[in-house]
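Read top to bottom, the protein sequences are chains A and B.
Counted the way the UniProt record's numbering counts, the first sequence spans residues 1 to 209.
Counted the way the UniProt record's numbering counts, the second sequence spans residues 1 to 209.
2 protein chains.
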Amino acid sequence: MIKVLVADDQPLIRASFRRLIDSVPGFQVYGEAATGAQAVAVAASEPPDLVLMDVRMPELDGIEATRRICAADPRARVLIVTTFDLDEYVYGALRAGATGFLLKDTPPAELIRSVRAVASGDSLLGPGATRRLIERYVSRPARRLDITEREREVLVLVARGLSNAEIAQTLYVTLSTVKTHVSSLLLKLGARTRVHLVIAAYEAGLVQG
Amino acid sequence: MIKVLVADDQPLIRASFRRLIDSVPGFQVYGEAATGAQAVAVAASEPPDLVLMDVRMPELDGIEATRRICAADPRARVLIVTTFDLDEYVYGALRAGATGFLLKDTPPAELIRSVRAVASGDSLLGPGATRRLIERYVSRPARRLDITEREREVLVLVARGLSNAEIAQTLYVTLSTVKTHVSSLLLKLGARTRVHLVIAAYEAGLVQG
DNA sequence: GCGCGTATCGGTCTCAGGACCGATGCGCGG
DNA sequence: CCGCGCATCGGTCCTGAGACCGATACGCGC
């Protein structure tokens, strides 16, 4: 039996969620909270398997409550359910330890599927949130680097922390050649030092393992 | 009318998708492809609004086909639909430009919702894929840097590309002090040059990567 | 053929970066 | 009180980095 805690400042929303969750076999709402502080307190006294958490709540917002609950019990799964689909919420929530992020206008059937998924350790985000998360992850198309293939190789090695001499050895060319390429990169990317090259490489997604 | 291209090496799957898509108002399958190369060719002759793409295909796999189609037409939306839910696929697909990633056992209703979402610019991933993407995103603060608060400030500025002199001006201290902090950072983080510091900062998520 | 871009190489020169030496003041805990 | 860590500052010394100068060779299109 998955023990669910519902945290929302609106009693109607809580009741609605409770009905929905209780209708799912294997799930049961064992507690409710109207504030973030209450949610933390309830979670502390009786650890939930899953928390349905609103973001906007008095005393302590849902993000901070999520952070504390997850800090106290890393096994806890938190599914943020909110009216808004704002970036700061999503990223903050994920960093705080939330497992999922859904909008309140999500159809009940999908919400149930999400609850199941989150309870089993998977994650679900609303479409917009997923898109932005992906964009953050592959924020490549930001600026496409207009450099030659060889320069790209050199840039990657620079971004890995190799010195010019080390790059020369790696590519089987002389130090002079590497310096030429680096200078060309500095010019093309508008960088002053190789540090800027490293930053550009990370921003462009050329590296990042 | 959203023009959809279905790419899968199995005719039955293609037929199934075609029926499903055509049943959605506003969507129509205008072409099919049995290989990645065919998909690229069809997309080149008649640009699709949306592509349903299998990963495992002869000649050219779905990832590479996605890369070429997206490179040729950045407006193209590609939804990867595959039997497997492997990491390399997901990350490769996203980097290649895919907008979504779903499993073939996804219920038709959810698949339709996904198609709509992708067509409208949003994204959808399978639960497992979303979880791993989130883990990648928030795996930053994994390695905690054992440095002082002041050193952290200096590190961030170094990672932003500032020279020691610029950092000194920013923090209202002398060049000597900055050099001391930088040296301390180099020692603590096991770095040889400030480039390594930048890398460490990005890996640790101290700066937006 | 000629121009152009790319990749390769060599030299000189200046300077920021970093090592290594020293120092002071301050807060904090044994 | 005394030791310790942190932040601050000053000096010397050496080296890699990068600018700037030059060059050759190759492939490509006009």
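All C-beta atoms in this analysis are idealised placements derived from N, C-alpha and C, irrespective of residue type, glycine included.
Predicted model only: the values in this text are computed from it and were never measured.
For B/Glu151, the enclosing alpha helix (DSSP H) starts and ends at 149-159. For the pair of segments examined, the segment 195-207 of chain A was found not to touch the segment 8-27 of chain B: the number of CB pairs separated by less than 8 angstroms stays below three. For A/His181, there are no neighbours in chain B by C-beta distance under 8 angstroms, as the nearest C-beta there is about 16 angstroms away. The beta carbons of A/Met53 and A/Thr35 sit about 11 angstroms from each other, so the pair does not count as a contact at 8 angstroms. The beta carbons of A/Cys70 and A/Gly97 sit closer together than 8 angstroms. A/Ile69 is outside the set of residues whose beta carbon lies under 8 angstroms from a beta carbon in chain B.
Taking a 10 Å sphere around the C-beta of A/Asp122, we find 16 or more other C-beta atoms and assign the residue as buried.
Judged by DSSP in its simplified three-state form, A/Gly26 adopts coil rather than helix or strand. Under the 8 angstroms Cβ criterion, the segment 57-66 of chain B counts as touching the segment 92-106 of chain B, having at least three qualifying pairs. In the DSSP assignment, B/Gly205 falls outside any beta strand (DSSP E), carrying neither H nor E. Secondary structure of B/Gly31 (DSSP, three-state): strand.
Look at the beta carbons and you see the segment 147-160 of chain A touching the segment 170-185 of chain A: at least three pairs across the two are nearer than 8 angstroms. Judged by DSSP secondary structure, A/Val40 falls outside any beta strand (DSSP E) and instead within the alpha helix (DSSP H) spanning 36-45. With three or more CB-CB distances shorter than 8 angstroms, the segment 109-123 of chain A counts as touching the segment 73-80 of chain A. Using a Cβ distance threshold of 8 angstroms, B/Leu102 and B/Leu124 count as a contacting pair. In this structure, A/Ala72 places its C-beta atom within 8 angstroms of the C-beta atom of A/Ala43.
In this structure A/Ser176 is exposed. Its beta-carbon is surrounded by fewer than 16 other beta-carbon atoms within 10 angstroms. Boundaries of the alpha helix (DSSP H) harbouring A/Thr180: 175-188, taken from the DSSP string. Put simply, the backbone Cα of B/Arg192 is about 12 angstroms away from that of B/Ala200. Remark: C-beta atoms of A/Val40 and A/Arg68 approach each other more closely than 8 angstroms. Contact of B/Arg194 with chain A is assigned, a C-beta pair being separated by under 8 angstroms. Annotation: B/Glu151 to A/Tyr202 spans about 22 angstroms, alpha carbon to alpha carbon.
If you check the CB distance, A/Val4 and A/Pro47 do not come in under 8 angstroms. The closest CA to that of A/Thr99, considering only A/Phe27, A/Pro107, A/Pro108, A/Pro74, is found on A/Pro74. Just measuring C-alpha positions, the residue of A/Ala37, A/Glu149, A/Val154, A/Leu187 sitting nearest A/Thr174 is A/Val154.
By the rule that beta-carbons nearer than 8 angstroms mark a contact, B/Gly26 does not touch chain A. Checking the DSSP bridge columns, you'll see A/Met53 partnered with A/Ala7, A/Ile80.
B/Gly190 has a beta carbon lying at 8 angstroms or more from every beta carbon in chain A. Cα atoms of A/Ile112 and A/Phe27: separation of roughly 10 angstroms, rounded to the nearest angstrom.
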